[in-house]
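What follows is one structure encoded as structure tokens, with my remarks underneath.
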Amino acid sequence: MARIRTIKPEFPQSESMGRVSRDARLCFIMLWTIADDSGRLRGNSRMLASLLFPYDDDAKRLMDKWLAELEKERCIIRYAVGGDSYVQVCGWSTHQKIDKPSASKLPNPPEDSRTLATIREPSPLDQGGEGNGMDQGEDGESAATSAPPAVLIPLIDKTEYPVPQSKVDDWQVTYPAVNVLQQLREMRTWAAANPTKRKTPRGIEAFIVRWLGAEQDKGGKPRFGEGVVGVTTPGPTGPDPALVKLAADALRATAPSPEQRKRFAELTGKVH
133 MARIRTIKPE
143 FPQSESMGRV
153 SRDARLCFIM
163 LWTIADDSGR
173 LRGNSRMLAS
183 LLFPYDDDAK
193 RLMDKWLAEL
203 EKERCIIRYA
213 VGGDSYVQVC
223 GWSTHQKIDK
233 PSASKLPNPP
243 EDSRTLATIR
253 EPSPLDQGGE
263 GNGMDQGEDG
273 ESAATSAPPA
283 VLIPLIDKTE
293 YPVPQSKVDD
303 WQVTYPAVNV
313 LQQLREMRTW
323 AAANPTKRKT
333 PRGIEAFIVR
343 WLGAEQDKGG
353 KPRFGEGVVG
363 VTTPGPTGPD
373 PALVKLAADA
383 LRATAPSPEQ
393 RKRFAELTGK
403 VH
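Okay, so the sequence shown: first residue is 133 according to my numbering, each after it adds one.
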């Protein structure tokens with residue numbers, strides 16, 4: 133099935149593209165033509181050489197080198213599942229606008245894979261942004277991390293949004309009453325259970341902020357009776373001071389009867 137892919141005018145000015153060889157740049161663009169609608173493709177280098185450079189005899193020898201250059205610049209992720217190799221183009225869903233994308237038949241990159249450290253956030257310049265052309269946030273700030281993302285949240289286009297630990301830390305400061313990491317895990321579970329309600333790559337962060345804000349409000353204003361522990365305050369021990377005073381006043385006013393003396397002794401604990 134034919135696929136339409138786009139190249140933005142800013143692509144040639146990407147600094148990361150300037151750090152790879154000319155052949156690696158061409159290889160990067162050629163990968164898009166055989167990637168599925170989630171930006172994934174099979175990653176056997178000899179197969180890729182045959183598909184992408186059928187007229188170049190040296191491509192089979194050089195393909196792995198080109199892929200390594202692209203991986204170093206965080207343009208792609210290479211990973212293996214069940215002994216088969218695959219490639220994921222980073223930031224794919226933001227930069228390739230696909231009408232009615234088909235679900236990928238290839239596996240996601242494993243969450244615990246070290247190659248996930250190469251995922252970056254989208255670029256405002258699409259393929260032509262600063263860095264690899266597909267690897268920066270909408271505010272232009274590089275989001276490359278040295279560790280796997282904290283959580284991957286499924287999106288409406290069948291890809292997953294990688295939440296970097298740096299954002300988790302920022303949100304934790306903004307929403308101190310919320311366990312941010314746990315809430316992100318609950319968002320992932322919710323998205324997995326509600327595929328038709330998943331968010332777009334551009335709308336996912338706004339969704340996360342709304343969710344965390346609602347949890348913060350709940351954390352700052354507990355529901356009536358929630359978390360309230362009943363406390364019983366013990367009453368005073370010993371004789372009632374008021375009764376003791378009345379008895380003493382009665383003794384001082386008149387000569388007490390034996391019954392009054394007995395009662396006073398009971399109240400004060402003294403024998404007269």
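Cβ coordinates follow ideal geometry from the N, Cα and C atoms, glycine included.
Beta-bridge annotation (DSSP): residue 216 is paired with 213. The beta carbon of residue 235 sits closer than 6 Å to the beta carbons of 290 from its chain, once the five residues preceding and following it are set aside; these are given in chain order.
In the displayed model, residue 336 falls within a helix according to three-state DSSP. Across the structure, residue 192 and residue 185 are spaced so that their CA atoms are roughly 9 Å apart. Within the same chain, and ignoring the five residues on either side of residue 295 in sequence, the residues whose Cβ sits closer than 8 Å to its Cβ are 281, 282, 283, 284, 285, 316, 340. In this structure, DSSP gives residue 390 a helical state, which the three-state scheme calls helix. A direct Cα-Cα distance of roughly 29 Å separates residue 145 from residue 336.
In the structure shown, the three-state DSSP call for residue 205 is coil. Straight-line spacing of the CA atoms in residue 208 and residue 199 works out to 8 Å. It is roughly 6 Å from the alpha-carbon of residue 307 to the alpha-carbon of residue 348. Three or more pairs of CB atoms, one per stretch, sit closer than 8 Å, so the segment 167 to 182 contacts the segment 215 to 228. Between the alpha carbons of residue 143 and residue 150 lies a distance of about 10 Å. In the structure shown, residue 285 adopts extended strand secondary structure according to DSSP, grouped into three states. By the criterion of a C-beta distance shorter than 6 Å, residue 293 is surrounded in its chain by 285, 287, 336, once the five residues flanking it on both sides are discounted.
In terms of Cα proximity to residue 138, the closest of 324, 231, 176 is 231. A residue is called buried when at least 16 other Cβ atoms come within 10 angstroms of its Cβ; residue 211 meets this threshold and is buried.
DSSP places residue 312 inside the alpha helix (DSSP H), whose first and last residues are 312 to 325.
Non-local beta-carbon contacts of residue 161 in its own chain, meaning distances under 7 Å to residues more than five positions away in sequence, involve 139 in chain order. Contact between residue 175 and residue 219 holds, with the beta-carbon distance rounding to 4 Å and staying under 8 Å.
Excluding the 5 residues flanking it on each side, residue 330 has same chain C-beta neighbours closer than 7 Å at 286, 287, 288, 323, in chain order.
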